[in-house]
Amino acid sequence: MGIVWDDRFRDISFSHPMIRDVSVERIRRFKELISNEDGIMFIKPEMANFEDLLLVHDVTLIEKLREASSLPFVGFLDEGDTVHYPGMLEDILLVAGSTLTALKFSRYLARIYIPLGGFHHATRTSPMGFCPINDVAIALKTLQSKGERVALIDVDAHHPNGLEEMFYNEKLLKINVFAYDGEFFPRTGDVKRRGEGEGFGLNFNVGLPLGSSDDAFMEALRMLELVRHFKPTYIVVVAGVDGHMDDGLKSLNLTANSYNLLGQKVFALSRELEAKVISYGGGGYGPGSSISMYSFIKGLKGQRFLPEKGTEDREKREIVKKLVNLFLESSSCCLK
Ligand SMILES: [Zn+2]
16 MGIVWDDRFR
26 DISFSHPMIR
36 DVSVERIRRF
46 KELISNEDGI
56 MFIKPEMANF
66 EDLLLVHDVT
76 LIEKLREASS
86 LPFVGFLDEG
96 DTVHYPGMLE
106 DILLVAGSTL
116 TALKFSRYLA
126 RIYIPLGGFH
136 HATRTSPMGF
146 CPINDVAIAL
156 KTLQSKGERV
166 ALIDVDAHHP
176 NGLEEMFYNE
186 KLLKINVFAY
196 DGEFFPRTGD
206 VKRRGEGEGF
216 GLNFNVGLPL
226 GSSDDAFMEA
236 LRMLELVRHF
246 KPTYIVVVAG
256 VDGHMDDGLK
266 SLNLTANSYN
276 LLGQKVFALS
286 RELEAKVISY
296 GGGGYGPGSS
306 ISMYSFIKGL
316 KGQRFLPEKG
326 TEDREKREIV
336 KKLVNLFLES
346 SSCCLK
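Residue numbers for the sequence shown follow my numbering, beginning at 16 and rising by one.
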């Protein structure tokens, strides 16, 4: 298994200044945890160029980023989440390049992880939610252009609005697991949004009630059964760890155990289907985030690693169970 790593990752954050420290600390601590792990190959990313960004973004967004990067002060690219700072364009091209490097190395390695990645909120034209660009979209678009069959599993406290918008009509399986009450950021993720055109029946919004625990998350993971039926050649995973119970953005009540189970399931599916895995670290803004990333990596290596006392909330679990059952019963139309 490969991990895309550049020491510059230790200082990059596009988050709000108030959570910048905890955001970079997550990546630093993760690197410490992973340093002595067996069976990991570290891959140095290449820089992307502007053309690579144009694959999924409008030229107006790229111009905006270029301008903002040349300003001598820190400010916001949107209404107050995503920062700009002097020279940020270099960091953006490194993030995009990390995805392209992972795709290149996936010829040789079955499973690859990019700790600083998973910027799933940015749309074709706008930065959003700490995401100046959408690196996951670059992966999906590139794989599609090569004729690969792709399943996206996006697990994060927040619904991947940017990805849903860009790939809603595309023949690509999308399983989104996130915290949802209709008001929680980014407010998208309606259960009725099932895809259109080529993408009809392939978009699944598994919104978990706010505060859901490990047991509800396990129910949500039953959705991964659909990946088996879809038979992708690539599985792209956003494993955002901001659903951890200690997270500063308080949304879910998960432990690091949940991320290990996610990793194990993806490992098993990729082995069975002989599908390549490109995975991302996603969001995470609390003391439990680095261990959650590490747990996910353990799982992705096929190892059971449950470092915390699991959490339960039967009522919320029942809600998720019903939703997943409904999805599974109505999915057979469109997975061929
Ligand atoms: Zn998030």
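Glycine is no exception: its CB is placed at the ideal position from the N, C-alpha and C atoms.
CYS146 is bridged by DSSP to MET143. Taking C-beta atoms as the reference points, MET308 and GLY317 fail to come closer than 7 Å. Nearest to LEU109 by alpha-carbon distance, out of LEU131, VAL252, THR97, is LEU131. With contacts defined by Cβ atoms closer than 7 Å, PHE200 and HIS173 form a contacting pair. Within the same chain, and ignoring the five residues on either side of VAL221 in sequence, the residues whose Cβ sits closer than 8 Å to its Cβ are ILE190, ASN191, VAL192, PHE193, ALA235, MET238, VAL335, LEU338, VAL339, PHE342. Closest in C-alpha terms to LEU225, from the list TYR195, VAL253, SER347, comes TYR195. Residue pairing by DSSP leaves LYS246 without any beta bridge partner. Taking the Cβ atoms as the reference, LEU118 lies roughly 6 Å from THR157, within the contact range of under 8 Å.
Counting C-beta pairs with one atom in each stretch, the segment 276-292 and the segment 324-333 have fewer than three that are closer than 8 Å, which means they do not touch. Secondary structure within the segment 287-350: the beta strand (DSSP E) runs of 3 or more consecutive residues, fully enclosed, are 291-295 (chain order).
Fully contained in the segment 39-122 are the following beta strand (DSSP E) runs of length 3 or more, in chain order: 56-58. The set of residues with any CB-heavy atom separation to ligand 1 below 5 Å comprises, in chain order, ASP171, ALA172, HIS173, GLY255, ASP257, GLY298. Within the segment 158-211, complete alpha helix (DSSP H) segments of at least 4 residues are found at 176-182, given in chain order. Counting other Cβ atoms within 10 Å of its Cβ, ARG23 stays below 16 and is therefore classed as exposed.
Setting aside the 5 residues that flank it on each side, HIS72 is surrounded in the same chain by ARG139, ILE148, each with a C-beta closer than 7 Å to its C-beta; the list follows chain order. Each residue's CA atom was taken as its position, placing LYS265 and LYS246 some 35 Å apart. Between PHE232 and SER294, the CB-CB gap reaches or exceeds 7 Å. Contact between GLY258 and LEU269 holds: CB atoms are separated by about 4 Å, below the 8 Å threshold. The continuous stretches of alpha helix (DSSP H) do not include LEU223, which lies in the beta strand (DSSP E) extending over residues 218-223. Look at ILE27 here: in three-state DSSP terms it is coil, with no helix or strand label. Per the DSSP secondary-structure output, GLY17 pairs in a beta bridge with MET56, ILE127. A residue is called buried once 16 or more other Cβ atoms fall within 10 Å of its Cβ, and CYS348, having fewer, is exposed.
Excluding five sequence positions before and after GLY301, the CB atoms of its chain that fall closer than 7 Å to its own CB belong to VAL37, HIS259, ASP261, ASP262, GLY263, given in chain order.
Rounded to whole angstroms, the separation of the alpha carbons of ALA83 and VAL253 is 27 Å.
In the three-state scheme derived from DSSP, where H, G and I count as helix and E and B as strand, VAL251 is classed as strand. With contacts defined as CB atoms closer than 7 Å, VAL292 and ARG126 qualify as a contacting pair. ASP230: member of the alpha helix (DSSP H) spanning 229-236, first to last residue.
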